[in-house]
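There are 2 protein chains.
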Amino acid sequence: MLASEIPVLTVLCGADSPPDMAAVESDAVVRYTDARGLPDALRGADALFVYDFLSTAVPGAWPAADRLRWLHIAAAGVDPVLFPELQESDVVLTNSRGVFDDAIAEYVLGVVLAFAKDFARSLDLQRATTWRHRESERIAGRQVLVVGTGPIGRAIARLLRAAGMQVSGSGRRARTGDPDFGVVRDSGELPQYLGEFDYVVAVAPLTAQTKGMFGAEAFAAMKPSARFVNVGRGELVVTAELVAALRAGEIAGAALDVFETEPLPPDSPLWTMPGVLVSPHMSGDFSGWRRTLVEVFTANFRRWRAGEPLHNVVDKRLGYVPSQPQGAAG
Amino acid sequence: MLASEIPVLTVLCGADSPPDMAAVESDAVVRYTDARGLPDALRGADALFVYDFLSTAVPGAWPAADRLRWLHIAAAGVDPVLFPELQESDVVLTNSRGVFDDAIAEYVLGVVLAFAKDFARSLDLQRATTWRHRESERIAGRQVLVVGTGPIGRAIARLLRAAGMQVSGSGRRARTGDPDFGVVRDSGELPQYLGEFDYVVAVAPLTAQTKGMFGAEAFAAMKPSARFVNVGRGELVVTAELVAALRAGEIAGAALDVFETEPLPPDSPLWTMPGVLVSPHMSGDFSGWRRTLVEVFTANFRRWRAGEPLHNVVDKRLGYVPSQPQGAAG
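Read top to bottom, the protein sequences are chains A and B.
Sequential numbering from 10 applies to the first sequence in my numbering.
Sequential numbering from 10 applies to the second sequence in my numbering.
Quick look at the structure:
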C-alpha cells in the first residue's frame, strides 16, 4: 500500500465506542465492529484497533486477517491478543503502555493504607452504627515487593517509596542499583524471599512464565501478616490456592482488582472472605482514561501513516514492551 | 521541694493504666486514680499525668491541686485541660507533641485515596456480591488545604505532597515560603479561599478562635466536589451545619475521625449519610502508641527531676506549643 492510499482500519468495540476518533476517520476507512462481526470486518483491513481490550475474539477471527499489518490494543497487558498465529506473523503489535501507570500506583497505595488503617472494618462498623476504637498500623518502613518491573511496577515503587515504604522489585533478571527499585530479585526464585515482605504486589505481564506464579508454594512462603495485592492479571494467581492460603491464615489479606474469571462469579468465596478486598478491574481506570487511550492510538496512527516507527512495540516473544534492548523490563 | 525529695505524681487513668511506668515509679510516689478519685489524689501532688487524655475531670478537681507544679497530657490537643484556672496558674502544661504526627498523616492520605478510588462504594458492592466497574479519580495534582500548621498539619502536608498533591496551609498568620506548605493563608479569612480546594483537612488545635470554624459559611464556600477531612477536634465543626451542607450537596463528602460528642451518638445522621466516612477517633493510634506516650512522659519526667527545661511546653494563652517564639505554629 502506498502512503497516498487510504487504509482500512477495523475497530473492535464492546458496549462503548471509542470517543474522539474524528482525526483517525479523516485519514482511514474505519470499520467499527463487535466480536460477532470481527471476521467480516477484518477481511481487507490494514490495521486493527482492539478498543474492547478484554475481548477474546481476535484469535478466532484471525483467519480473516488477510492484509493486516498492525494491531494496537487499548491496554497495557497484551495477553488477550498474544496467540501463536499472531506471534509468528509479521503483524506489528503495539499497546497502551504508560496510560495506567500512575493511576494504578495510587490505587495500590490506597489499598495498602486501607489494610494498615483497617478501613474495611471501619466501614463495616459504620454500617452497623458501632463505635469501636482499634489500633492501626503504620506504613512507613514496611517492606514491599513489587513483582513486575515494567512501567506500572516502577510507578508503584516510586509512589510507595515517596510514602515512606521500603520497596524492592522482582523481575526476570536479578540486579542492584535499579533507579526505582534499588534491588531487583529473580522472579524465578520468588518463594525464597517472599517471607521478607509485608506487602506483595503482583503486576507482572501475563505470559507462559508468569501464569500461576502465585500458588500454594508462594503463599506458604509469605509472612502470616502479609497482604497480597493483584493489579496485574487474575491468571498470575491460582485462585483456589489463594483461597486456601487465606483460610489457613498463611497470609493476612488480599486486595484483588483482577481475577481468573471476570466478572468474579457470584459463588466465589473471595467476595466474603475476611481480609479480602474485591474491586472490579478498575485500578487504572481514572476519569478520562478512555479519551487518553484514543489519544495514544491516534498518535501511533499518525506515525503509522507517516511511515515513522511506532511507539510501544510489543516484543511478541516476551509478551510486553521491553524497557531497553537488553530486556531490563523483565 | 528539693531535688532530693521524692515528689508525688498523680496519674489520671481511664479503663487502661499506662504501661512501662517502672522508671517513673522508682523516682516518685505515684498515685493512680480514675476521675472519681482525682480530687483526693491531687491533694499534695507535685505533678499530674493525664493519661486518660479525653477525660474532662481535671477542671472539677482543680480546687484540690494545692501543690501542683506540672501537668502533662498524653495527647497533642490540650483542650480538655485548658480552663481559666489552669491558664492563670503557674502550673506548667506539657503535651505529647510529635507522637501522632506521621500516623495521622498516613490516615489522611488513606482517606483521600479512599475518596478518590471510591473504596467505600467498592466495599458496599463487595458486601452485595456485585461487580460494577466505575471510573475513579487521580489524586496527583489535586489541591489540598490543611487548616492548622502545627506538627501534625506539617506531617500531613509533607506526605500528601510526596504523593503528588498540591498542598497549601491555613494558619493564624498568612505567609509564603513555608518549608512544608509553601503558601499559608490567613485562617481568619477561610471562606474567601476554601473554594479553591478539592480536599480540606481540619487539624487546628481547639481554641476559642477555632471552635466552630467549619460552619455553614465555610461549607457553602467549598466546591460541590470537595471532601472535608477532620482529624483535629469535633468542636472545630458545627455538626448540624456539616450535615446540612452534605444534604444540600454543598460538599461531596466528609471523613470524620473526631466528633463534637464521642462516641458518636447512634442517632447521628452522619453514620448513614452517603459520602461520609466515620472512624472512632483512631487516626493517630498506631500499634504501640500507648507505650510511646509513656516514653514521652518518662523523658519529660527525667528532665523535670533533673531541673532541666521541659519539652513541649504549651503556651496556655494560645492553647498549643508554639513552633517558634514568634508563633509560627499558628
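Beta carbons: idealized from backbone N, C-alpha and C, even for Gly.
{"Query": "Please look up how many angstroms separate the CB atoms of residue 120(B) and residue 264(B), rounded, as I've assumed it's under 8 Å.", "Result": "4 Å"}
{"Query": "Taking 8 Å as the CB-CB limit, is residue 165(B) close to chain A?", "Result": "no"}
{"Query": "Beta-carbon within less than 6 Å of residue 195(B)'s beta-carbon, same chain only, minus the 5 sequence neighbours each way: which residues are those?", "Result": "183"}
{"Query": "Could you name each continuous alpha helix (DSSP H) segment of 4 residues or more that falls completely within the segment 85–162 of chain B, going from the start of the chain to the end?", "Result": "93–97, 110–125, 128–136"}
{"Query": "Apply the 10 Å Cβ neighbour rule to residue 42(A) and answer buried if 16 or more other Cβ atoms are within range, or exposed otherwise.", "Result": "buried"}
{"Query": "For residue 38(A) and residue 14(A), I'd like the C-alpha separation in whole angstroms.", "Result": "10 Å"}
{"Query": "Please list the partners that residue 71(B) has in chain A, where partner means a Cβ-to-Cβ separation under 8 Å.", "Result": "Those within 8 Å of residue 71(B) in chain A number zero; the least Cβ separation is about 28 Å."}
{"Query": "Would you mind stating whether residue 262(B) and residue 284(B) have Cβ atoms separated by less than 8 Å?", "Result": "yes"}
{"Query": "Distance check for residue 328(A) and residue 335(A), CA to CA, integer angstroms please.", "Result": "Summary for residue 335(A): the model assigns pLDDT 38, below 50, so the residue's position carries little reliability; its value from the coordinates is reported in the next sentence. Whole-angstrom Cα-Cα distance: 15 Å."}
{"Query": "State the beta-bridge partners of residue 285(A) as determined by DSSP.", "Result": "263(A)"}
{"Query": "Could you spell out the range, first to last residue, of the alpha helix (DSSP H) harbouring residue 47(A)?", "Result": "47–51"}
{"Query": "Can you confirm whether residue 313(A), when its beta carbon is compared against all beta carbons of chain B, has any partner nearer than 8 Å?", "Result": "no"}
{"Query": "Report buried or exposed for residue 142(A), applying the criterion of at least 16 other Cβ atoms within 10 angstroms of its Cβ.", "Result": "exposed"}
{"Query": "Work out the CA separation of residue 252(B) and residue 303(A) for me, nearest whole Å.", "Result": "41 Å"}
{"Query": "With a threshold of 6 Å on Cβ separation, who are the neighbours of residue 163(A) within its own chain once the five nearest residues in sequence on each side are excluded?", "Result": "189"}
{"Query": "Would you check if there are 3 or more beta carbon pairs closer than 8 Å linking the segment 89–107 of chain A to the segment 123–131 of chain A?", "Result": "no"}
{"Query": "State the Cα-Cα distance for the pair residue 177(B) and residue 210(B), rounded to the nearest angstrom.", "Result": "10 Å"}
{"Query": "Please classify residue 274(B) as buried or exposed, where buried requires at least 16 neighbouring CB atoms within 10 angstroms.", "Result": "exposed"}
{"Query": "If we ignore side chains and look at the alpha-carbon of each, how far apart do residue 276(A) and residue 286(A) end up?", "Result": "16 Å"}
{"Query": "Along the alpha helix (DSSP H) that carries residue 202(B), what are the first and last residues, could you check?", "Result": "199–202"}
{"Query": "Does DSSP classify residue 332(A) as helix, strand or coil?", "Result": "coil"}
{"Query": "Can you look up residue 322(B) in the DSSP assignment and give me helix, strand or coil?", "Result": "strand"}
{"Query": "For a quick check, are the C-beta atoms of residue 138(A) and residue 280(B) less than 8 Å apart?", "Result": "yes"}
{"Query": "Does any residue of chain A bring its CB to less than 8 Å from the CB of residue 188(B)?", "Result": "no"}
{"Query": "For a cutoff of 8 Å on Cβ pairs, would you count residue 119(B) as touching chain A?", "Result": "yes"}
{"Query": "From the DSSP output, which residues share a beta bridge with residue 79(A)?", "Result": "56(A), 101(A)"}
{"Query": "Cβ of residue 27(B) within 8 Å of Cβ of residue 20(B)?", "Result": "yes"}
{"Query": "Count the C-beta pairs between the segment 46–60 of chain A and the segment 72–92 of chain A that are closer than 8 Å, then say yes if the count reaches three, no if not.", "Result": "yes"}
{"Query": "Quick check: is the beta carbon of residue 175(B) nearer than 8 Å to any beta carbon in chain A?", "Result": "no"}
{"Query": "If I measure Cβ to Cβ from residue 317(A) and keep anything under 6 Å in the same chain, skipping five residues before and after, which residues do I get?", "Result": "none"}
{"Query": "Can you tell me whether residue 45(A) is buried or exposed? The criterion is at least 16 other CB atoms within 10 Å of its CB, across all chains shown.", "Result": "exposed"}
{"Query": "By the three-class DSSP mapping on this structure, what secondary structure does residue 196(A) have?", "Result": "helix"}
{"Query": "Looking only at its own chain, which residues have a Cβ that is under 7 Å from the Cβ of residue 291(A), when we skip the five neighbours before and after it?", "Result": "266"}
{"Query": "CA-CA distance, residue 296(A) and residue 301(B)?", "Result": "42 Å"}
{"Query": "For residue 242(B), does the three-state DSSP call read helix, strand or coil?", "Result": "coil"}
{"Query": "Who are the neighbours of residue 79(A) on chain B, taking C-beta pairs under 7 Å?", "Result": "Here the premise fails: no neighbours, minimum Cβ distance about 28 Å."}
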